[in-house]
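Accompanying notes for the structure given below.
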Amino acid sequence: MTAAGAAGSPAGWAAGLSRWTAGARRVAVLTGAGISTDSGISDFRGPSGLWTQDPAAEKMSTYQVYVSDPAVRLRSWQARLSHPIWTAEPNPAHLALARLTRSPVGTTVITQNIDGLHQRAGTPAGCVLELHGTMYQVVCVGCGRRSEMAGALARVRAGEADPSCTGCGGILKSATVMFGQQLDATVLARAIAAAEAADLFLAIGSTLIVEPAASLCAVAVRAGARLIIINRDPTPYDKLATAVISEPIGEVVPELVDQLLAVRRELGQAAGEEPRLADPAS
Ligand SMILES: NC(=O)c1ccc[n+]([C@@H]2O[C@H](COP(=O)([O-])OP(=O)(O)OC[C@H]3O[C@@H](n4cnc5c(N)ncnc54)[C@H](O)[C@@H]3O)[C@@H](O)[C@H]2O)c1
Ligand SMILES: [Zn+2]
2 MTAAGAAGSP
12 AGWAAGLSRW
22 TAGARRVAVL
32 TGAGISTDSG
42 ISDFRGPSGL
52 WTQDPAAEKM
62 STYQVYVSDP
72 AVRLRSWQAR
82 LSHPIWTAEP
92 NPAHLALARL
102 TRSPVGTTVI
112 TQNIDGLHQR
122 AGTPAGCVLE
132 LHGTMYQVVC
142 VGCGRRSEMA
152 GALARVRAGE
162 ADPSCTGCGG
172 ILKSATVMFG
182 QQLDATVLAR
192 AIAAAEAADL
202 FLAIGSTLIV
212 EPAASLCAVA
222 VRAGARLIII
232 NRDPTPYDKL
242 ATAVISEPIG
252 EVVPELVDQL
262 LAVRRELGQA
272 AGEEPRLADP
282 AS
């Protein structure tokens with residue numbers, strides 16, 4: 002369904018793409034857990050999401066609970082050991098966005114995800130803003146020292162149930178932003194700047210209820226961007242959107258990216274630019 006109510010059917014959204022992407026030169030993309038479900042990483046609030054199935058699991062993502070309850074930390078380290086992130090592969094939606102970031106369409110990917118799949122799909126690290134941090138590192142809550150997750154997991158495997166900081170003995174956690182923690186101010190400022198500079202803002206696979214990430218949609222629209230939301234469930238920002246596409250992300254995003262690249266090629270040809278050689282990774 003669109004704000005105008007037309008994109009519910011596959012034919013509806015496919016027909017609308019050229020209109021919604023027309024003239025787009027700067028794109029900002031916000032991705033949530035829904036872009037990685039096709040890679041085998043469950044979301045939290047979707048119909049088969051981890052918190053939908055087990056509401057108590059949400060506590061494990063709360064900073065105060067994590068630092069004050071050793072039992073929660075033991076569970077968290079065991080969950081990290083067998084996390085699906087370590088075996089997940091990027092899916093067609095990650096790969097399509099990677100093609101966009103390597104094209105002449107100026108693109109910033111702002112992600113709520115902690116799974117590193119945008120970078121593994123080929124999006125240059127400099128084009129990804131990880132609003133909620135990364136699972137690939139750990140951080141000490143005492144001295145702030147960061148180190149690789151792989152090293153901490155090796156210690157857990159070797160028998161340390163709750164490994165502590167080798168510098169100060171403090172509690173270690175994944176370098177992700179838990180409930181009760183602030184986002185990195187620099188990363189957030191860069192995300193706001195990207196949203197303000199965009200003429201097209203894509204929100205993909207997020208329930209858009211975690212702030213301040215979700216409000217980037219409003220920032221972009223206020224600054225004049227078109228907003229396209231691609232998510233199975235309704236979101237609080239649907240009413241601001243030019244289009245809401247509630248179809249599978251793996252089908253919609255590659256097509257949308259193809260459309261943006263086609264539009265950019267036409268703009269380039271109209272401006273007399275040399276056609277670029279096909280990207281070997283695309
Ligand atoms: N992969 C990850 O890194 C990961 C996974 C789970 C949660 N998280 C964290 O949890 C927080 C909350 O997550 P969120 O708000 O991003 O997501 P969410 O779990 O709250 O919601 C995901 C949304 O995506 C939709 N969705 C799932 N698969 C889809 C598909 N194939 N096609 C269309 N729609 C689909 C769901 O219906 C749901 O509305 C995030 O901030 C993130 O930090 C990260
Ligand atoms: Zn420390």
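Residues in the sequence shown are numbered consecutively from 2, following this note's numbering.
Quick reminder that beta carbons are idealized off the backbone N, C-alpha and C, glycines included.
Taking 7 Å as the cut-off, is the CB of residue i close to at least one heavy atom of ligand 2?
i           : result
residue 290 : Residue 290 is absent from the model: the chain starts at 2 and stops at 283.
residue 218 : no
residue 141 : yes
residue 128 : no
residue 100 : no
residue 146 : yes
residue 152 : no
Is any non-hydrogen atom of ligand 1 found closer than 7 Å to the C-beta of residue i, if you look at the structure I gave you?
i           : result
residue 133 : yes
residue 81  : no
residue 230 : no
residue 55  : no
residue 251 : yes
residue 113 : yes
residue 34  : yes
residue 70  : no
residue 208 : yes
How is the beta strand (DSSP E) around residue i delimited, first residue to last?
i           : result
residue 131 : 129 to 131
residue 230 : 227 to 231
residue 187 : From DSSP, residue 187 is part of no beta strand (DSSP E) but of the alpha helix (DSSP H) over 186 to 198.
Buried or exposed: which applies to residue i, given that a residue is buried once 16 or more other Cβ atoms fall within 10 Å of its Cβ?
i           : result
residue 210 : exposed
residue 180 : exposed
residue 1   : Beyond the ends of the chain as shown, which are 2 and 283, falls residue 1; an answer cannot be given.
residue 144 : exposed
residue 83  : exposed
residue 282 : Annotation note: pLDDT 40 at residue 282 (below 50); position unreliable, no value reported.
residue 65  : exposed
residue 131 : buried
residue 147 : exposed
residue 276 : Interpretation of residue 276 is limited by its pLDDT of 46, a score under 50 that renders its predicted location unreliable; no figure is taken from the coordinates.
residue 169 : exposed
residue 280 : For residue 280, the predicted structure reports a pLDDT of 43, less than 50, and the residue's modelled location is therefore unreliable. A value from the coordinates is still provided. Residue 280 comes out exposed.
residue 135 : buried
residue 33  : buried
residue 69  : exposed
Report back the beta-carbon spacing between residue i and residue j to the nearest angstrom; my notes put them in contact at under 8 Å.
i           : j           : result
residue 25  : residue 173 : Not confirmed; about 42 Å, so no contact.
residue 98  : residue 30  : 6 Å
residue 248 : residue 14  : 6 Å
Identify the continuous alpha helix (DSSP H) that holds residue i and give its terminal residues.
i          : result
residue 72 : 71 to 82
Query raised in the report: Looking at C-beta atoms only, is the number of pairs between the region 111 to 126 and the region 84 to 92 that lie closer than 8 Å three or more?
Result: In this structure the region 111 to 126 touches the region 84 to 92; the number of beta carbon pairs closer than 8 Å is three or more.
**Report entry** Given 8 Å, three or more beta-carbon pairs between the region 106 to 116 and the region 145 to 156
**Finding:** Pairwise C-beta distances place the region 106 to 116 out of contact with the region 145 to 156, as fewer than three of them are shorter than 8 Å.
Query raised in the report: Three or more beta-carbon pairs under 8 Å between the region 225 to 239 and the region 72 to 79, yes or no?
Result: The region 225 to 239, when compared against the region 72 to 79, does not touch it at the 8 Å Cβ threshold.
Requested in this report: Take every Cβ of the region 178 to 195, pair it with every Cβ of the region 53 to 70, and state whether three or more of those distances are shorter than 8 Å.
Outcome: As far as the Cβ criterion goes, the region 178 to 195 touches the region 53 to 70, which means the pair count is three or higher.
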